[in-house]
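These notes concern the structure reproduced below.
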Amino acid sequence: MPRPTLCWVAAPGLEGLEPPALAMAAGLDLDQGGALEAAVVTVPEVQAPDKLRARLLGRPVQWLDLAAELGGGGEGHRGQRAAAALSRAAGRASLGTLPPLYSPQPNQRVLVAGQGLAALAAARQAALLGHPVLWALSGDDPAAAGAGEDASQVAGLAAGLPEGIELAPQTELTNLTGAGGSFTAWLKGPQGTARQRFGAVALAPGGAYRAEPAPPGLAPDLSRPLSACQPASLASAQGWRQVAILAGVGQPATAQGFARALATAYALQAQPGVQVTLLFREALVAAPQGERLYRQARQAGVLMARLGDGEPRLADQGRTLVWQDQVLAEDLELAPDVVFLCEETGAPWPGFLDNNLLWPARSRLLPEHARLDGGRTARAGFYVLGALRGTPAGEDRLAEAAAAVHDLHDLLGGGAAPLPAVRTLTCARCLTCVRVCPHGVPEHVEDHIQPAPAACLACGICAAECPAHAIAPPGWSTAELMEGLACGLAAAPAPAMVLMACGQSAMPAFAELSRSGHVWPAGLLVLPLKCAGRVGLELILRVLSLGAEGVLVAGCHEGMCRSVTGNLRARLATGQAAGTLSDLGLGPEAVSFLHMANNQPQALAKAVEAMYARLGAVE
Amino acid sequence: MHNRGPRRVGGCLEEIIFLSALDKPVLIIGGGVAGLAAALELDRRGLASLVVEKGPNLGGQARGFCCKALEVCARCGACRVGDLLQQAAQRPALGALTQALAVAAQRQGAGWEVTLIPQEGPKPTSPALALERPLGERLLVQTGAVILAVGHQVFDARKKSRLGYGRVPGVMTAGELEETLAKGGLPGQARRLAFVQCVGSRDQALGRLYCSRVCCGFALRLARLARYLEPGSEVTFFHMDVQDYGQAWRAELAEMRAGMRFIRAIPGEVRPGAGGPLAVFAGPDGQPQEEEFDLVVLATGLEPPVAAPALSEMFGLTPGAEGFLTGGQGVLVAGSAGGPRSIAESIESAAQAAASAAEHLVSGQAPSPEVAHA
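Protein chains in written order, with the working numbering: chain A, 1 to 619; chain B, 1 to 374.
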């Protein structure tokens with residue numbers, strides 16, 4: 001076993017500590033500038049001086065953020081906490097494991113499937129960043145706009161297509177497997193179906209208008225979709241006098257749909273002899289110019305009829321609309337010559353995504369999620385853009401496509417985490433990892449598990465769930481974590497407890513509290529994790545068996561986990577551990593789970609305090 | 001961190017940072033959500049940037065926002081600021097200067113030369129991150145492209161004096177309630193809460209003919225959180241219309257409608273009552289009605305940034321719709337500086353600004369200046 005050396009890099013928050021004494025307490029040599037076998041560094045890699053980084057290249061290193069783990073308190077107290085944290089890192093560094101040398105070669109080709117602004121912007125940006133792009137167009141013309149898009153904006157962008165875009169007209173993506181860096185796509189074109197490999201895939205169908213349902217019972221010849229109201233067929237030619245426009249009556253409208261309804265209402269009202277009535281529930285004026293359109297239409301004489309719940313009713317064989325005016329509390333009637341129905345743009349969810357063996361359910365692949373923006377889905381390297389995602393036409397679609405391309409460029413350029421290592425000899429091919437990985441990284445190929453080269457976010461769910469201990473994110477295997485925790489717990493004063501802290505929520509909050517001088521209990525050991533999903537039942541029970549008297553697992557709020565299910569799995573594991581403890585006649589309160597966000601440091605401080613008070617009470 | 005060199009300007013020696021060299025090509029003015037996101041998006045493209053922030057901390061206004069989750073995430077996006085700061089800290093190519101104010105800009109070829117001066121500001125509200133380095137001296141920055149991400153200003157509720165802000169005890173802005181909740185807990189014994197929407201938005205008298213877009217979602221989530229923290233409390237929501245934020249929001253809204261009182265009217269006046277602020281509003285029959293609350297919360301709208309006229313002049317930009325910023329040659333706009341945007345929308349708009357800035361660097365010409373979004 002290599003004997004690790006402590007490389008002390010001074011940083012704010014580490015003042016007043018004595019490196020030689022701490023090194024001795026943690027069983028480390030203090031760096032004297034000589035040769036090193038393994039090292040523990042007190043700051044994250046980006047903050048370390050270049051010279052030190054160069055010296056440590058190719059050696060096993062534990063980069064701590066010691067200031068973030070330490071917090072305030074007296075010198076003796078901080079020294080104790082620092083010694084425990086350094087011991088934990090020393091234990092891990094002494095294993096001497098290096099991140100595996102691997103040469104992932106993510107496929108750099110990008111498939112853009114679809115038509116319109118989003119597809120065009122994605123293809124364009126990807127090509128500008130040097131990716132070979134195959135653009136599978138549903139039609140023939142790359143300059144064709146999707147529903148609701150500004151044709152001149154699309155044509156302008158299509159006029160200057162960069163090199164490196166191969167067009168495949170009339171081609172449809174019929175099936176897709178894989179994840180970032182290694183997708184296999186089945187493309188059906190005029191010449192038949194071909195299978196091709198890609199590094200990233202962006203799905204951006206042009207979309208179509210869908211009119212909201214007409215009120216049940218409305219005479220069928222009266223209603224038509226809003227897009228049927230072309231200037232050529234305007235009112236005077238049709239002899240319309242009374243025109244009704246329904247915007248968000250049969251189903252909720254969006255601000256974009258409502259703005260189109262307003263614009264149409266205004267245009268029709270300007271025709272001689274025409275009276276337009278707009279029926280709606282909420283005036284959705286959040287689109288660009290929305291409020292001005294609303295006022296303009298009202299000033300032009302459009303009657304604004306706000307409906308309550310459940311209305312309108314129909315009379316006169318479905319030819320008269322009846323609703324109650326909310327201010328007058330009287331029934332109003334309108335016998336329109338025509339009823340226009342508000343439309344929203346949308347696109348059908350592709351059938352291949354319904355294959356639940358290869359793809360997670362839609363609620364897990366594309367949940368409404370604050371962290372999955374910019375076209376991202378849970379499957380790394382796979383993007384859903386534009387109409388299919390419900391993004392408003394215009395600048396928003398350009399922005400979304402740009403964000404998606406930046407993300408895929410980053411992933412394919414080495415921005416993904418190092419590949420999880422799979423020990424083929426111990427792997428039982430149970431496919432647990434394939435099932436649980438939220439990002440689609442492990443793939444079962446020719447009787448072994450092969451991770452996609454540019455998709456891993458190092459959440460560690462696979463490592464926590466693998467029953468054979470055959471899969472581990474590099475540096476995060478159970479063995480490594482346990483070695484570190486064993487050393488750390490040996491150095492921590494009793495009563496010792498472990499905080500397993502999610503890197504997206506708990507750890508930043510913990511670091512902020514530490515920086516502002518929060519005093520943590522002496523025996524609190526932090527285990528910084530990328531995602532709470534790395535915590536499994538086994539890890540919790542083993543930490544307790546090492547002598548920790550309490551384990552607090554802190555992860556993101558439900559619906560906020562970057563890896564979708566990491567927090568839920570951690571919560572489940574915590575509950576199972578509590579159940580096991582209570583079966584054994586031990587106190588289940590020794591383990592608990594906290595949902596939090598990175599801007600809720602007080603919640604974390606409170607939870608740590610509460611658990612520590614309980615431990616004290618048990619003592 | 002940058003190529004530095006002294007240069008004689010007008011008789012005195014000035015420090016100059018060259019950002020026009022390929023390694024640091026973009027200057028980002030504003031270190032809030034949009035500025036940080038733009039820096040990250042550029043970094044993902046392989047382009048380095050320098051963020052300059054006039055305040056002492058990065059993260060902007062959103063850094064003070066509170067998490068609005070009950071047990072389940074409310075998708076308010078407030079914690080995305082923490083995400084951005086964390087990601088930025090892990091990217092060495094990304095530089096940031098705090099307490100730095102851009103005071104002058106000069107076109108130089110396809111790029112710009114921008115003068116930064118140190119800004120004496122308030123003390124930092126949170127301990128400095130490794131990323132936050134204050135500017136010490138006057139600096140000249142040569143850069144290939146500039147991204148303006150100076151954010152928005154919140155409407156000053158005193159301008160609607162009839163709503164009692166600053167005059168009637170118990171009237172506060174939603175931003176102030178947010179701060180209070182971020183520190184944990186409602187002020188005093190607030191059992192009867194009223195939220196007043198569209199304060200400074202959709203207002204003809206003020207000449208603000210736009211919807212601030214984010215306030216309905218923001219205020220209703222705050223209201224829900226307040227009810228959760230203070231279970232017995234009753235919430236009245238005075239509004240014109242409830243805006244739409246997508247499928248999941250509609251389900252949440254249905255629940256909120258069941259648990260709170262929605263009144264489609266904006267109070268004409270709020271005055272001191274016996275036990276708290278008294279709101280006067282049009283009842284369902286159109287007749288004036290009075291009701292007393294413990295707390296009246298004003299959802300103040302989003303205004304163009306204070307710096308918009310100065311920046312427009314500095315970079316020769318035409319003022320955009322409603323006074324928000326629009327871009328020009330080699331100048332891009334990101335986030336709520338270009339129009340009312342949520343946190344998530346600001347982050348996405350930063351991606352577009354970054355992409356356009358990158359294209360400008362290649363062609364010496366921005367493809368399509370950002371259209372203001374108001």
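For every residue, glycine included, the Cβ atom is placed at its ideal position computed from N, Cα and C.
Here the structure is a predicted model, which means the values were calculated and not measured.
| Asked | Found |
| --- | --- |
| Backbone secondary structure at Y383 (chain A) - three-state DSSP | strand |
| Alpha-carbon to alpha-carbon, V338 (chain A) and L353 (chain A) | 39 Å |
| Strand pairing of H595 (chain A), partner residues [DSSP] | A:G555 |
| CB contact check: D373 (chain A) to chain B, cutoff 7 Å | yes |
| CB contact below 7 Å: H518 (chain A) versus chain B | no |
| Cut-off 6 Å between Cβ atoms - residues of its own chain near L94 (chain B), not counting five sequence neighbours on either side | A39, D43 and A88 |
| First through last residue of the beta strand (DSSP E) which encompasses A102 (chain B) | A100 to Q108 |
| Cross-chain neighbours of A130 (chain B) in chain A, by beta carbon under 7 Å | Q47 |
| Partner residues on chain A for I347 (chain B), Cβ-Cβ distance less than 8 Å | D373, G374 and A403 |
| Beta-carbon spacing of L440 (chain B), R292 (chain A) below 7 Å | In the structure as shown, chain B starts at 1 and stops at 374, and residue 440 (chain B) therefore has no counterpart that could be examined. |
| Residue from A:A347, A:L419 and A:P442 with nearest C-alpha to C430 (chain A) | A:P442 |
| Beta-carbon proximity list for E15 (chain A), same chain, < 7 Å, skipping 5 on both sides | none |
| Cα-Cα separation, G239 (chain B) to A270 (chain A) | Checking the sequence, you will find His at residue 239 (chain B) rather than Gly. If I take the Cα positions, the gap works out to 30 Å. |
| Nearest neighbour of A174 (chain B), chosen from B:E290, B:R167, B:A194 and B:G184 [CA to CA] | B:A194 |
| Residue range of the unbroken beta strand (DSSP E) whose run includes M497 (chain A) | M497 to C502 |
| Simplified DSSP state of I29 (chain B), which is helix, strand or coil | strand |
| Straight-line Cα distance separating E348 (chain B) from L626 (chain A) | Coverage of chain A is limited to positions 1 through 619, which leaves residue 626 (chain A) absent and any answer about it impossible. |
| Endpoints, beta strand (DSSP E) assigned at L334 (chain A) | D331 to L334 |
| Proximity below 7 Å, CB of V146 (chain B) to CB of L70 (chain B) | no |
| Span of the beta strand (DSSP E), counted from its first residue to its last, around K51 (chain A) | Not the beta strand (DSSP E): K51 (chain A) falls in the alpha helix (DSSP H), residues D50 to L56. |
| Test item: CB-CB of G109 (chain B) and L361 (chain B) under 7 Å | no |
| Members of the region 206-217 of chain B that neighbour chain A once the beta carbon cut-off is set at 7 Å | L209, Y210, C211 and R213 |
| Rounded Cβ spacing between L385 (chain A) and E400 (chain A) (contact assumed at less than 8 Å) | 6 Å |
| Helix, strand or coil at V519 (chain A) [DSSP, three-state] | coil |
| Cβ-based neighbour list, H518 (chain A), same chain, cut-off 7 Å, excluding 5 preceding and 5 following | G71, G72 and A605 |
| Collapsed DSSP secondary structure at R88 (chain A) in the structure displayed | helix |
| Within-7 Å CB hit, R571 (chain A) to chain B | no |
| Own chain, CB closer than 7 Å to L17 (chain A), minus 5 neighbours either side, in chain order | R78, G79 and A82 |
| Per DSSP, the bridge partner or partners of S138 (chain A) | None, per the DSSP bridge assignment. |
| Min CB distance Q90 (chain B) to chain A below 7 Å | yes |
| As assigned by DSSP and simplified to three states, the class of C215 (chain B) | helix |
| L546 (chain A) vs A486 (chain A) beta-carbon contact at 7 Å | yes |
| Within-7 Å CB hit, N599 (chain A) to chain B | yes |
| Test: G77 (chain B) CB closer than 7 Å to a CB of chain A | yes |
| Run of the beta strand (DSSP E) containing W63 (chain A), from where it starts to where it stops | V61 to W63 |
| Counted within 10 angstroms of its Cβ, other Cβ atoms place E113 (chain B) as buried (16 or more) or exposed | buried |
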